[in-house]
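Protein chains in written order, with the working numbering: chain V, 1499 to 1730; chain H, 134 to 334.
Positions of the beta carbon are idealized from the N, C-alpha and C atoms, including for glycine.
Fair warning: this is a prediction, and the values are worked out from it, not measured in the lab.
Remarks on the structure that follows.
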Amino acid sequence: MSEDLLRDAANDSVTAAEYVLRLLTPSEHAAATARLAADPKFAAEVYAWEDQLAPLALAADEAPSPLLWGQIESVIAPLPTQENRGGAPRLWQGATALCASLAAVFGVMLMNRADPAVPSPSAPLIAALGSEAGTGAMTARFDPDRAMLQLTPVTMLTQDKAAELWVIPAGGKPYSLGLIDVVRPSEMHVHRDMMPMMTKGAMLAVTIETPGGAPHPAPNGPVVASGQIVAL
Amino acid sequence: MSEHDPSADATHFAATRADQNRARLTQALVRAGAGDRTAFAEVYRATSAKLFGVCLRIFADRTEAEDALQDAYITIWNKAATFVPGRASPISWLVTLTRNRAIDRFRARGKMAFAALDDASEVADDAPLAEAGLIEAGEYKALGLCIETLEPRDIGFIRAAFVGGATYAELAARENSPLGTVKSRIRRALLSLRACLEANA
C-alpha cells in the first residue's frame, strides 16, 4: 500500500516537473492547470519545481531598448490628463514653449486676415503633445473653419514604424485621424464626421502602428505622445 | 586559528548581498502588487536585463524578444498581487512568468526555431549560471550540483525543454526517437534530479 503511495507521489512530482518544463501536450497542460487550482499538494510540487528550475532559463544579462519602459508605462497607466501630469520633464516643457510661440505666430496671422464683412472666424484649437518618458513631442493646431489640422513634430521616437494620430473625446474611445509624418510639419484635412470630436477637453495621441490597414479601428501599439486640446 | 581564507569572506559577502537583493526585490514586487507604480519601476530596473536575457534565449529576433519582454512586464504588473513571498524567490517567479509568456507567444507562431540539440555548447552547459554569478553566491548551488549528476544528453533535453520550450513530441522528432523512449528518459532524469535537490536542500 505505502509503495503505491510513494510511487504516486513520485509520479505527481514528475508530472509537476513536466508541467513546469512545458513538455505536456495542450490538453495535458490544461488538465494540469486545472489540477493546480484544485490540488494543493500538486500545486506545492509545481511551485517547488518552478523555484528550482527557474535559473536554467537565465542567460547573460542584456539591456533592452531604453524606450521599452515608456511603452510599458503607457500601457499600464491611463493617458495623462492635465490634472495628473507631474513635474514637467524637459521635453514636455520644450513642447509647451514651442506651442506657445507657434500659437502666438498663428494668432497674429489670424488677426491680420480678419475681414469685417465675414463672420468672425472660429477660435482655433491647439494641443501640445508630449510624454513623460520623452518618447515624443509635437504641436497641433486645428482650424475648425478649414477643417485643417496642422502638425509640427518636435521629436517622435517611432523606431522607423508608422505613427498614427488619434482623437479621444473626454471619457470616450480613440478615433483614428490617420497616419502622420513624424519628421516634417504637415497639414491634414479632418473629415466632417470627425469634426465634432475636435473640441476642447478631448485628447490627441500618437501611437506606433504597422502601416498596413490604417486607419485602424483601435490603437494597437504604444502611445509615444499625447496632449489635451485647448482653446488658443 | 586556521589560516584566514579571503575567498570564504567573498562568498559570505556575496551570499549576504544576494539575501539583501532578494529582500529588496521581494518588497518591491509586493508593493507593485498593491498598485505602487514606483515600486514596479524598481522591479523593472532591477530585473529587465535578466528577463530580457530569458526572452532572447527563446526568440532569436531582438524585436520579437522585446515584444515578449513588454508582454511579460505588463503581465507582471497585472499579476504582482499573486506573488507569495514564501513560496518562491522573486526572481524565480519573474523568470517563470516571463518564460511562460514568451513560450506562449513563441508557440502561437507555430514555428520551431530553437537551437539544434547537437549544438555542443547546449549540452551540459552550465556557463550561464556561473556567468550570472548565481552558483558562487550559493543561491542556486544545489541546482548546479544536481544538474551535473545527470547524463549530458538528459541535461540537453531539460535545457531544450526549459529554455527552448520544446514539448515531448518536438524533442522526440528532433532526436528521431520514439516518443515513449524520450518520455521515459526524461522522467527518469527528473526523478533523479528531484532526489538530488531534496538531498541538498
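C-beta atoms of residue i and residue j nearer than 8 Å
i	j	result
V:Met1696	V:Ile1727	yes
V:Val1518	V:Leu1534	no
V:Ser1724	V:Ala1703	yes
H:Ile319	V:Leu1649	no
V:Asp1643	V:Ser1620	yes
H:Leu162	H:Ala213	yes
H:Ser325	H:Leu283	yes
H:Asn211	H:Leu278	no
H:Arg150	H:Pro223	no
H:Arg327	V:Ser1511	yes
H:Ala299	H:Val315	no
H:Cys188	H:Ala172	no
V:Leu1623	V:Ala1729	yes
Burial state of residue i, where buried means 16 or more other Cβ atoms lie within 10 Å
i	result
H:Gly219	exposed
V:Thr1708	exposed
V:Met1636	buried
H:Gln153	exposed
V:Ile1574	exposed
V:Val1681	exposed
H:Leu323	buried
V:Pro1694	exposed
V:Ala1546	buried
V:Pro1715	exposed
V:Thr1656	buried
V:Ala1602	The predicted position of V:Ala1602 is uncertain, since its pLDDT is 46 and thus under 50; no value can be drawn from it.
V:Thr1531	exposed
V:Pro1672	buried
H:Gly289	buried
V:Thr1523	exposed
H:Tyr301	buried
H:Asp287	buried
Proximity winner among the options, relative to residue i (alpha-carbon distances)
i	options	result
H:Arg164	H:Phe216, H:Glu199, H:Thr180 and H:Leu189	H:Phe216
V:Leu1627	V:Val1722, V:Pro1524, V:Asp1510 and V:Ala1729	V:Val1722
V:Gly1568	H:Leu230, H:Glu197 and H:Arg170	H:Arg170
V:Leu1554	H:Asp204, H:Val315, H:Ala293 and H:Arg318	H:Ala293
V:Ala1557	H:Ala201, H:Glu197, H:Ile280 and H:Ala182	H:Ala182
V:Met1646	V:Ala1508, V:Gly1719 and V:Leu1675	V:Leu1675
V:Leu1551	H:Val228, H:Arg286 and H:Ala332	H:Val228
H:Leu330	H:Leu202, H:Arg240 and H:Ile280	H:Ile280
V:Asp1641	V:Thr1531, V:His1689 and V:Glu1501	V:His1689
V:Asp1658	V:Ala1625, V:Thr1705 and V:Asp1506	V:Thr1705
V:Pro1720	H:Gln203, H:Val187 and H:Ala193	H:Gln203
H:Phe239	H:Ala306, H:Ile191 and H:Ala179	H:Ile191
H:Trp226	H:Arg195, H:Glu197, H:Thr159 and H:Glu303	H:Thr159
H:Glu175	H:Ile291, H:Tyr206 and H:Asp237	H:Tyr206
H:Ile291	V:Arg1505, V:Asp1506 and V:Glu1516	V:Glu1516
H:Ala221	V:Glu1526, V:Asp1549, V:Ser1525 and V:Asp1559	V:Asp1549
V:Val1652	V:Ala1508, V:Ser1684 and V:Gly1670	V:Ser1684
H:Arg157	H:Asp287, H:Ala179 and H:Thr231	H:Ala179
Quiz prompt | Those runs of the beta strand (DSSP E) which lie wholly inside the segment 1639-1720 of chain V and span at least 3 residues | solution = 1646-1654, 1660-1666, 1673-1678, 1684-1687 and 1701-1707, all fully within the segment 1639-1720 of chain V.
Quiz item: Do the segment 1534-1541 of chain V and the segment 1553-1565 of chain V touch if we need at least three Cβ pairs shorter than 8 Å?
Solution: no
Quiz prompt | Every unbroken alpha helix (DSSP H) inside the segment 287-331 of chain H [4 residues or more] | solution = 301-308
Exercise. Entirely within the segment 159-241 of chain H and at least 3 residues each: give me those beta strand (DSSP E) ranges in chain order.
Key: none
Exercise. Let me know the alpha helix (DSSP H) ranges lying completely inside the segment 1511-1565 of chain V, each 4 residues or longer, listed in chain order.
Key: 1524-1536 and 1538-1551
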